[in-house]
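In what follows, a single structure is set out as structure tokens and then discussed.
Residue numbers (the UniProt record's numbering): 1 to 696.
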């Protein structure tokens with residue numbers, strides 16, 4: 001009969017849900033492992049599990065990362081989490097892209113169980129020699145492990161000899177098992193028994209731009225656009241004139257240049273300025289009303305240039321260290337070639353007309369939505385060919401317009417098809433909708449998504465949202481914190497003045513590895529269309545050339561501030577991870593305080609040499625602390641309540657008064673802070689401190 005499980009009458013083990021050491025509630029796991037959790041190369045991926053057993057013997061847990069080839073690439077001895085909850089935690093740091101798996105193992109901790117009993121009994125004078133003999137046997141067994149290094153084998157053998165040395169006092173012999181080098185060796189290669197394993201769960205590790213990076217959006221037709229006073233006509237910007245703006249975007253430190261649709265724009269029901277129903281001869285129309293006699297989703301607008309001009313534009317982004325993101329808007333103008341060739345791909349109403357897009361009270365008469373129910377595979381194949389065509393021209397990032405208006409099966413299929421052919425392709429979901437749909441889009445394959453950040457403005461709202469996206473949904477949903485979009489000019493920006501723009505940029509850039517800016521933000525554009533949360537004279541419906549150089553020369557541009565934020569992001573790897581955020585407290589209700597911390601070296605044993613960090617031995621963790629007022633109208637003075645343990649403060653970081661020295665990465669100022677420092681945040685001058693700990 002088995003010693004660890006009962007047998008059935010027939011002599012076979014019954015099917016159970018647990019191993020000998022139960023391992024449950026493993027995270028990050030998406031839908032029981034039906035979909036892979038998300039990660040990017042070099043990201044710290046928190047792993048959590050509940051591991052427990054009967055009785056009082058000690059146990060341990062191990063997290064193992066398995067590479068795409070099935071080989072183990074990292075092994076981490078998990079640490080206890082919250083007391084009394086049998087929680088174990090670890091951090092994995094994948095170093096290469098590909099579909100990985102991870103597993104959590106629970107095991108009986110022989111040395112830990114023995115040491116606890118030995119401490120108690122030897123102190124009480126009970127079974128002293130027996131306890132020491134059992135310890136000797138354990139360390140002798142550990143020294144026989146063929147996977148041990150020669151150094152560890154020597155440590156274990158020396159401990160066994162000391163435990164057996166009856167010429168020494170029992171306490172001295174027991175102390176041999178507490179040597180720090182020995183403890184560290186056991187942590188790396190623990191002596192395990194009754195090993196029990198969770199299932200292997202998938203972890204999709206993708207390239208950095210799938211989960212990190214700053215995005216900048218501009219309309220190519222506005223860059224270089226000019227109005228001819230003599231003839232009263234507009235001349236559109238082109239790919240060539242738009243390329244002249246690329247170095248400025250790169251110099252601000254962004255990694256992705258996103259452009260709205262570049263395709264031909266329909267003529268029927270073309271919208272005029274501010275979404276009026278009647279367009280004049282000079283009105284260019286909405287780029288999202290795709291399709292005309294010049295072509296559809298596989299063509300470029302003749303005003304912008306040719307496909308060869310587009311290729312040159314893509315090359316210019318790369319030459320400046322940027323990558324181009326192209327809008328994938330699956331909708332058609334009434335003039336789109338598909339309307340004639342495939343009317344079944346649209347919804348026909350009882351009066352025989354094709355239904356246009358509506359989001360009451362908004363109406364988009366210039367746009368026909370696609371219907372995936374009449375010829376699902378035919379339409380899906382057509383879209384796949386469109387995407388393949390742009391991928392072939394060097395586009396590997398797509399910002400998808402309104403994906404929540406298309407069926408989920410289609411996105412799961414399309415993203416899988418595209419990534420099977422070109423794994424580096426990234427899809428961003430522009431889905432401002434209900435949480436269930438936004439989360440589902442993340443599960444089926446979208447690497448990024450717009451989210452609710454633009455409408456989370458108070459400290460309470462931001463704390464709740466940051467907690468949600470960094471701790472609760474990060475396994476499948478990665479938000480991109482755009483501070484504004486062509487569609488969204490929040491009341492906060494309309495009325496908050498320049499301070500509001502700085503505040504939103506700080507929170508977005510410092511709290512999240514993904515953030516974005518739509519052109520005009522750096523010029524503090526804030527005038528709304530009356531009664532709407534939109535810009536007046538929206539660039540969606542007209543040309544909008546801007547005097548970038550003049551604004552900067554006059555000191556009326558936020559570009560230097562955005563540049564510094566991106567420099568700080570580049571200097572501090574901790575800002576490029578999502579799940580490492582900790583909220584701190586402040587007495588003032590407007591003051592938000594958070595920190596991000598990343599270990600200098602990855603945990604555990606790495607079989608993959610590329611995973612070993614190049615940080616010098618003993619390098620301290622990378623920590624950034626941010627305090628910012630959320631009120632753009634008033635000065636906030638507050639005492640903060642900092643968690644020094646969460647900040648990784650070491651004894652050597654403190655002065656004689658127990659304080660740490662911090663440096664403001666925006667201004668260069670330094671202060672000595674205890675756990676309750678005072679701050680004064682002025683939105684008209686500097687609404688935030690972005691701080692690093694000055695190490696000794």
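Virtual Cβ for every residue (Gly too), placed ideally from N, Cα, C.
Residue 694 places its beta carbon less than 8 Å from that of residue 662. Exclusion of the five residues before and after residue 269 leaves 334, 365 and 366 as the residues of its chain whose Cβ lies within less than 7 Å of its Cβ. When the Cα atoms are used, residue 511 and residue 596 turn out to be separated by approximately 8 Å.
Within its own chain, the residues whose Cβ lies closer than 7 Å to the Cβ of residue 138, once the five positions on either side in sequence are excluded, are 110, 111, 114 and 191, listed in chain order. Counting only residues of its own chain and dropping the five nearest sequence neighbours on each side, residue 193 has a CB closer than 7 Å to the CB of 107, 108 and 110. In this structure, residue 39 sits near residue 203, with a CB-CB distance shorter than 8 Å.
Assignment of residue 561 by DSSP, reduced to helix, strand and coil, places it in the helix class. Where residue 391 is concerned, the enclosing alpha helix (DSSP H) starts and stops at 376-392. By the 16-neighbour rule on beta-carbons within 10 angstroms, residue 403 is buried.
Under the three-state reduction of DSSP, residue 583 is assigned to strand. Secondary structure at residue 413: helix, using DSSP grouped into helix, strand and coil. Beta-bridge pairing by DSSP links residue 226 to 235.
Cβ contact annotation for residue 294 (same chain, cutoff 6 Å, sequence separation greater than five): 264 and 302, in chain order. For residue 359, the three-state secondary structure derived from DSSP is strand. One alpha carbon belongs to residue 405, the other to residue 49, and they sit about 36 Å apart.
For residue 85, no beta strand (DSSP E) encloses it, and the DSSP letter there is neither H nor E.
Within the segment 312-367, the runs of alpha helix (DSSP H) at least 4 residues long that lie entirely inside it are, in chain order, 337-341.
The residues 635 and 637, in chain order, have a CB closer than 7 Å to that of residue 680 in the same chain once the five nearest residues on each side in sequence are set aside. Assigned with DSSP and collapsed to three states, residue 685 falls in coil, not helix or strand. The Cβ atoms of residue 380 and residue 346 do not sit closer than 8 Å to each other. In the DSSP assignment, the residues bridged to residue 106 are 61 and 196. In this structure the segment 213-226 lies against the segment 501-517, because at least three pairs of beta carbons, one per stretch, are closer than 8 Å. For residue 326, the number of other beta carbons within 10 angstroms of its own is at least 16, and it is reported as buried. When Cβ pairs closer than 8 Å are counted between the two stretches, the segment 310-319 is seen not to touch the segment 339-353, the count staying below three. Fully contained in the segment 453-488 is no beta strand (DSSP E) run of length 3 or more. Residue 147: not part of any beta strand (DSSP E); DSSP gives it neither H nor E. Look at the beta carbons and you see the segment 157-164 not touching the segment 46-61: under three pairs across the two are nearer than 8 Å. Less than 8 Å divides the Cβ of residue 23 from the Cβ of residue 104. The C-alpha of residue 528 lies about 40 Å from the C-alpha of residue 670. Taken atom to atom, the span from the alpha-carbon of residue 568 to that of residue 208 is near 17 Å. Collapsing the DSSP output to three states places residue 427 in a strand. In the DSSP assignment, residue 595 falls outside any alpha helix (DSSP H) and lies within the beta strand (DSSP E) extending over 591-598. Looking at the backbone, the Cα of residue 592 and that of residue 274 are separated by about 36 Å.
For residue 439, the enclosing alpha helix (DSSP H) begins and ends at 435-444. Taking the Cβ atoms as the reference, residue 632 lies roughly 6 Å from residue 503, within the contact range of under 8 Å. Taking 8 Å as the cut-off, the beta carbon of residue 260 is found no closer than this to the beta carbon of residue 290.
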